[in-house]
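So the sequence lines, in the order shown, correspond to chains A and B.
Under full-length UniProt numbering, the first sequence has 105 at position 105, and the numbering climbs by one with no breaks.
Under full-length UniProt numbering, the second sequence has 39 at position 39, and the numbering climbs by one with no breaks.
Yeah, the Cβ is synthetic: ideal placement off N, Cα and C, and Gly gets one too.
Encoded as structure tokens, the structure appears first; notes follow it.
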Amino acid sequence: MVVSGAMNQLKLVCQGVACDRGGRRVLNHVDLEVGSGEALIVQGPNGVGKSSLLRVIAGLVATAKGSITLEGGMAERSVAEQSHYFGHLDALKPLQTVLENLSFWRSFFEPADFGDGKVRESMSELEALDTLGIAHTASLPAGYLSAGQRRRLSVARLLVVPRPIWLLDEPTSALDKASEEVLLGLIADHIHAGGLVVAATHLPLNLPNTKFLNLSPVTTESEHMFAGDDLDDYFDEPEQDED
Amino acid sequence: MSWMKSLFVREYQLANRVGGGALIGVLFFLAVVTIFPFGVGPDMILLSRIGAAILWIGALLATLLGLDRLFQADREDGSLELLVMSGRSLELVVLIKCAAHWAATGLPLVLATPVLSLFVGLDFQSIVLVTLTLLVGAPALTLVGAVGAGVTVSMRRGGVLLSILVIPLAVPILIFGVSAATAGAIDSNNFLVPFLFLCALTLFGLVVGPLAAAAALRVSGE
């Protein structure tokens, strides 16, 4: 995948990240690098810290050790403020309509540029709802939506505010096959447009330009999470999925 | 600036749509104020002497009633995480949420005060003074309460703890609010000093409340 112009290359770098939750170390010495136009899929069994890693990058959980930086990003903004976090919760108010929910996030979230100094055009609310196939629900209160529809409405937030980093926690849960295809297409579009994706999943996601990070449980004996010392040992070779 | 407006509008709408917002608070205020004459007895002179205090305590309790949901609802549905990473100042977000909450639930209490004052036999001048002190002082109650709401956001039954935390902090506001209203009714020269202290407490709350609540919310994602 060729990303246009070296000028607007972004690179998310985590070095030696550790994090504690509830007095227990759940992540230890995690290193990762994701550049513009790349996706990193975080894999591992349940409870291994996939969600914690995303929450640490999203700035919702403090790091115990290590650093997280976005090279080439906006210097005055934190990594979290240039990221979209798509977690288990949908952040919808059941008493507001679908359109009200989405319009609020569109006007409230501060857009971030992709390292090129200008804010990109994003979809309007109705375009995003239409892309996700829930335009007909626009004037319904969000409380009447099904689980899959709520999920899709939550995805719409990522489309109406441009931000380079997408942090996706089990993005395809509760989605049917067709919606999953749509979502994967949208994520692929984001990658091709020079965005960065970090997704935690236990299901295979068919995304272009993918790297993998396999997390394994933190053991008390070993300070390092991985056997190897070199970063290359942590990643499988990127799957080239040119189209 | 437009994000502030959309946040205010949304919070105001939600406060009003969930369980009737303003009406519930005013009814609770009414319940607290009407229970006092039953306990104190039909002594109109005594009632009118402690009337300002009754109204202030009623307003304090009614304010505490809705505050536990100020941030908790956002935490439960995941909005709080997004508010934190939105790139907007969390202190300003807290301040706007407090303003919207106050406009939806606190202001109706102030507007109901003149009517409820009649229940405890206040004269016209006292009614004006109590309403004025509540108008100035009730925002301070909301702002102090927001700190408690931020600290207890992750607790399932945080409402009780919130009240226990906030009531001691509300004591100075109560003292200066009630003394301005009662002293002013006896001699208008005694009104200004406690009233200015009350204004100072509200201004202090405007600064410290959002800072402290935002700090509490930042670590609530842990």
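Should residue 136 of chain A go down as buried or exposed, given a rule of 16 or more other Cβ atoms within 10 Å for buried?
-> Translated into the one-based positions of the first sequence, residue 136 of chain A becomes position 136. Exposed.
Report yes or no: is there a C-beta of chain A within less than 8 Å of the C-beta of residue 6 of chain B?
-> Stepping through the second sequence from its first residue, residue 6 of chain B is reached at position 6. Chain A contact via Cβ: present.
Under a Cβ-count criterion, where at least 16 other Cβ atoms within 10 Å of its own Cβ denotes burial, should residue 58 of chain A be classed as buried or exposed?
-> In the first sequence, residue 58 of chain A corresponds to position 58, counting from 1. Flag for residue 58 of chain A reads buried.
Does the Cβ of residue 12 of chain B have 16 or more other Cβ atoms within 10 Å, making it buried, or fewer, making it exposed?
-> Here residue 12 of chain B corresponds to residue number 12 of the second sequence, with the count starting at 1. Buried.
Please name the residue or residues paired with residue 85 of chain A in a DSSP beta bridge.
-> Along the first sequence, read from residue 1 onward, the residue named residue 85 of chain A stands at position 85. A/167.
Can you have a look at residue 109 of chain A and say buried or exposed, based on whether 16 or more other CB atoms are within 10 angstroms of its CB?
-> Taking the first residue of the first sequence as 1, we reach residue 109 of chain A at position 109. Buried is the call here.
Please classify residue 38 of chain B: is it buried, with 16 or more other beta-carbons within 10 angstroms of its beta-carbon, or exposed?
-> Residue numbering aside, residue 38 of chain B sits at position 38 when the second sequence is read from its first letter. With fewer than 16 other Cβ atoms within 10 Å, it is exposed.
Would you check if the distance between the CB atom of residue 182 of chain A and the CB atom of residue 134 of chain A is smaller than 8 Å?
-> Taking the first sequence and counting its residues from 1, one reaches residue 182 of chain A at position 182. Taking the first sequence and counting its residues from 1, one reaches residue 134 of chain A at position 134. Cβ distance not < 8 Å, so residue 182 of chain A and residue 134 of chain A don't count as in contact.
Residue 202 of chain A, enclosing alpha helix (DSSP H) - first and last residue = As a position in the first sequence, residue 202 of chain A is number 202, starting the count at 1. It is not in any alpha helix (DSSP H) - residue 202 of chain A carries neither H nor E in the DSSP assignment.
State whether the segment 142 to 150 of chain B contacts the segment 177 to 186 of chain B, with contact taken as three or more CB pairs (one from each stretch) at a distance under 8 Å.
-> no
Interface residues of chain B facing residue 104 of chain A [CB-CB closer than 8 Å] | Residue mapping note: residue 104 of chain A aligns to position 104 of the first sequence, counting from 1. Here the neighbours are 6, 7 and 10.
Proximal chain A residues relative to residue 84 of chain B, where beta-carbon distance stays under 8 Å = As a first step, residue 84 of chain B is located in the second sequence; it is residue number 84 there, counting from the start. Those within 8 Å of residue 84 of chain B in chain A are 59, 60 and 80.
Name the chain B residues that come within less than 8 Å of residue 151 of chain A, Cβ to Cβ?
-> Numbered from 1 along the first sequence, position 151 holds the residue referred to as residue 151 of chain A. What residue 151 of chain A touches in chain B: nothing, since even the nearest Cβ is about 12 Å away.
What residues match up with residue 67 of chain A in a beta bridge as DSSP calls it?
-> Start at 1 with the first residue of the first sequence, and residue 67 of chain A comes out as number 67. Looking at the DSSP assignment, residue 67 of chain A forms a beta bridge with A/15.
What did DSSP end up calling residue 24 of chain B once you bin it into helix, strand or coil?
-> Counted from its first residue, the second sequence places residue 24 of chain B at position 24. Three-state result, residue 24 of chain B: helix.
Residue range of the unbroken alpha helix (DSSP H) whose run includes residue 213 of chain A = The residue given as residue 213 of chain A occupies position 213 in the first sequence. That residue, residue 213 of chain A, is in no alpha helix (DSSP H); its beta strand (DSSP E) goes 210 to 214.
What number of angstroms, rounded off, separates the C-alpha of residue 28 of chain A from the C-alpha of residue 80 of chain A?
-> Within the first sequence, the letter at position 28 stands for residue 28 of chain A. Within the first sequence, the letter at position 80 stands for residue 80 of chain A. Using only the alpha carbons, I get a separation of about 20 Å.
Taking only beta-carbon atoms, is residue 225 of chain B less than 8 Å away from chain A?
-> The structure shown does not extend to residue 225 of chain B, since chain B is modelled only from 1 through 222, so no value can be given for it.
Return yes when the Cβ of residue 215 of chain A is within less than 8 Å of the Cβ of residue 13 of chain A, no when it is not.
-> If you number the first sequence from 1, residue 13 of chain A lands on position 13. If you number the first sequence from 1, residue 215 of chain A lands on position 215. No; because the gap between Cβ atoms is not below 8 Å, this pair is not in contact.
Under 8 Å between the Cβ atoms of residue 221 of chain B and residue 198 of chain A?
-> Taking the first residue of the second sequence as position 1, residue 221 of chain B is located at position 221. Taking the first residue of the first sequence as position 1, residue 198 of chain A is located at position 198. Not closer than 8 Å, so no.
Start and end residues, beta strand (DSSP E) containing residue 43 of chain A = Residue mapping note: residue 43 of chain A aligns to position 43 of the first sequence, counting from 1. 38 to 43 is the extent of the beta strand (DSSP E) around residue 43 of chain A.
Members of the segment 29 to 63 of chain B near chain A, C-beta cut-off 9 Å = none
Spatial distance of residue 165 of chain B from residue 88 of chain A (CA atoms) | Sequence index remark: in the second sequence, residue 165 of chain B carries index 165 (1-based). Sequence index remark: in the first sequence, residue 88 of chain A carries index 88 (1-based). Cα to Cα, the separation comes out at about 32 Å.
Where residue 207 of chain A sits in the DSSP three-state scheme | The count along the first sequence starts at 1 and reaches residue 207 of chain A at position 207. Looking at residue 207 of chain A - three-state DSSP - the assignment turns out to be coil, as it is neither helix nor strand.
Chain A beta carbons: is any one of them nearer than 8 Å to that of residue 244 of chain B?
-> The displayed coordinates of chain B run from 1 to 222. Any statement about residue 244 of chain B would go beyond what the structure contains.
Should the segment 100 to 114 of chain B be regarded as contacting the segment 55 to 66 of chain B, the criterion being three or more beta carbon pairs within less than 8 Å?
-> yes
Proximity below 8 Å, CB of residue 11 of chain A to CB of residue 35 of chain A | Within the first sequence, numbered from 1, the residue matching residue 11 of chain A stands at position 11. Within the first sequence, numbered from 1, the residue matching residue 35 of chain A stands at position 35. Result yes, Cβ atoms of residue 11 of chain A and residue 35 of chain A sit closer than 8 Å.
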